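Protein chains in written order, with my numbering: chain A, 19 to 306; chain B, 19 to 306. All C-beta atoms in this analysis are idealised placements derived from N, C-alpha and C, irrespective of residue type, glycine included. As the structure is a computational prediction, the values presented were derived from the model and not from experiment. Each remark here refers to the structure printed beneath this line.
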């Protein structure tokens, strides 16, 4: 990991967690059980890569100050909601995530479904406070049937099927790419980025998101529970559509490398792209 | 049912359904299966009482024109999402609603969960187009853990317990009341209602919503599948907290009558309250 990224994570992660703590309802507020479940899932040790991208996109586009943090956290809250629902027995049926029992294993299925629903609504409550309806609309589109949910549906439909590179791309652009894209767009729109900058960082995030999903799949193949912290082989178990399955491990990594190159290329030279480039590079280096 | 309400339903229901049809993704757009599931649930013959209240609240508060319809539909879309998740095996485990198999019985649990999630996101995409972030924030709050989701959680927690009138009120104010309230507030805020009018119609809807849930519980007791169209006794089956269970049938109906009276009383005399009053009265007369 490049120094600039390590320092950014050291600086931003405590801030992000601090804001998340303030934004989520207290465990002592009734109905306690669902607030506990929401906090359990949000504070389960995520890398906070998506909110970091929102914050950096905001600064990259000329924004300054701390006002961006709640909206960066809203993206992480959506990520947490989608993981809770994704892990449910009716979906991927995962018992562990990041070395901890999944939400429904601890709180039961009903509370897990409702905790996901509550995080989903909370994210929009927070995003509305940005004062910008375009941010709300943009994120809502990204997580609907043409984005995140659409990717999950296709993921389920392709289980056990022969998949082409195009099929996997379709799934991952939605399942992972859409929220990466939303993350940077929230930051850039909040900073009043012009259309060129917004388009550039959108394309950057599309490529990074897709590369991230490929290295995720590759880590699943060679990973172990301790390192990656989720059910190893859980996607293999279900015969999920993945890049390694569609094109083989070596070609999958080559595609990820090309995507990271492309991501860095679309950023205009006259801006400070150093941290964004380091994030893109990290996607290829990561071991967890 | 009063003539003015019958005519309003005859006039508005086709319009509401027409807008819903335009707002929901086509069944032919991929991923088809989730779009089919969303449409199946939204077009399963609801009374459209909530969007009707949004439209009437908008006009009552001085609004005119057709711009309100999409936002009224967004409320109905949220209602559909909450019913899909509420019917899931892990929740109320209902096989029928409105005489038709529930979403998960037709499409499976995974697609039902995702269809609910997609409707949830779609509602916010539509609400954002109102241009008013306060509408987005208001609705998001109403359906989070201090509203709709909170009511569902309490409903689950109180299953099989002895309940007081206060407990049932806590549940139903959230589970049913919150979305009724959001429905009228969206209309009034979109019409730029002043604070007095907004408070009045909010209190009206709180009372109507609670009365609606009481008569719903009473219909469950005496109803039959043909009339009410959902699993009869489904709430009794699970030993749910209901007004009839907490205070008996007669007192429950008396409470509903008082709530309807109160609802009508809070509306200021200098406005045209006729349709709102007819809706409140209908809650006591309804047989389905």
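Residue i (DSSP reduced to helix, strand or coil)
| i | result |
| --- | --- |
| residue 224 of chain A | helix |
| residue 115 of chain A | strand |
| residue 27 of chain A | helix |
| residue 46 of chain B | coil |
| residue 269 of chain A | helix |
| residue 187 of chain A | helix |
| residue 176 of chain B | coil |
| residue 3 of chain A | Residue numbering for chain A in the displayed model covers 19 to 306; residue 3 of chain A lies beyond these limits and cannot be assessed. |
| residue 61 of chain A | coil |
| residue 147 of chain A | coil |
| residue 84 of chain A | coil |
| residue 325 of chain B | Because chain B spans 19 through 306 in this model, residue 325 of chain B falls outside it and cannot be assessed. |
| residue 304 of chain A | coil |
| residue 295 of chain A | helix |
| residue 239 of chain A | helix |
| residue 20 of chain A | coil |
| residue 286 of chain A | coil |
| residue 258 of chain A | coil |
| residue 211 of chain A | coil |
| residue 110 of chain A | coil |
| residue 32 of chain A | helix |
| residue 182 of chain A | coil |
| residue 218 of chain B | helix |
| residue 158 of chain A | helix |
| residue 263 of chain B | helix |
| residue 194 of chain B | helix |
| residue 203 of chain A | helix |
| residue 72 of chain A | helix |
Buried versus exposed call for residue i [16 or more other C-beta atoms within 10 Å across all chains shown]
| i | result |
| --- | --- |
| residue 268 of chain A | exposed |
| residue 22 of chain A | exposed |
| residue 309 of chain B | Outside the modelled stretch of chain B, which goes from 19 to 306, sits residue 309 of chain B, for which no answer is possible. |
| residue 231 of chain B | buried |
| residue 309 of chain B | Absent from the structure is residue 309 of chain B, since the part of chain B shown begins at 19 and ends at 306. |
| residue 173 of chain B | buried |
| residue 257 of chain B | exposed |
| residue 117 of chain B | exposed |
| residue 286 of chain B | exposed |
| residue 113 of chain A | exposed |
| residue 223 of chain B | buried |
| residue 46 of chain A | exposed |
| residue 198 of chain A | buried |
| residue 10 of chain B | As shown, chain B starts at 19 and ends at 306. That puts residue 10 of chain B outside it, with no answer to give. |
| residue 214 of chain A | exposed |
| residue 156 of chain A | buried |
| residue 159 of chain B | buried |
| residue 178 of chain B | exposed |
| residue 180 of chain B | exposed |
| residue 56 of chain B | buried |
| residue 288 of chain B | exposed |
| residue 19 of chain B | exposed |
| residue 44 of chain B | exposed |
| residue 212 of chain A | exposed |
| residue 59 of chain B | buried |
| residue 28 of chain A | exposed |
| residue 61 of chain A | exposed |
Integer Cβ distance of residue i from residue j, believed to fall under 8 Å
| i | j | result |
| --- | --- | --- |
| residue 99 of chain A | residue 138 of chain A | 5 Å |
| residue 162 of chain B | residue 67 of chain A | Not a contact, Cβ separation roughly 26 Å. |
| residue 227 of chain B | residue 194 of chain B | 5 Å |
| residue 105 of chain B | residue 91 of chain B | That belief does not hold up - the Cβ atoms of residue 105 of chain B and residue 91 of chain B are roughly 21 Å apart, past 8 Å. |
| residue 109 of chain A | residue 128 of chain B | 5 Å |
| residue 167 of chain B | residue 259 of chain B | At roughly 16 Å, the Cβ-Cβ gap does not stay under 8 Å, so residue 167 of chain B and residue 259 of chain B are not in contact. |
| residue 295 of chain A | residue 282 of chain A | 5 Å |
| residue 235 of chain A | residue 270 of chain A | 7 Å |
| residue 200 of chain B | residue 93 of chain B | 7 Å |
| residue 144 of chain B | residue 131 of chain A | Between residue 131 of chain A and residue 144 of chain B the Cβ distance is about 23 Å, and since that is not below 8 Å, they are no contact. |
| residue 284 of chain A | residue 299 of chain A | Going by Cβ atoms, the distance from residue 284 of chain A to residue 299 of chain A rounds to 15 Å, so no, they are not a contact pair. |
| residue 146 of chain B | residue 151 of chain A | 4 Å |
| residue 301 of chain A | residue 233 of chain A | 6 Å |
| residue 103 of chain B | residue 134 of chain B | 5 Å |
| residue 142 of chain B | residue 142 of chain A | 5 Å |
Item to check | Three CB pairs or more closer than 8 Å across the segment 23 to 35 of chain A and the segment 83 to 100 of chain A | outcome: yes
Checklist entry - At a cut of 8 Å, does the segment 199 to 212 of chain B reach the segment 65 to 82 of chain A through at least three beta carbon pairs? => result no
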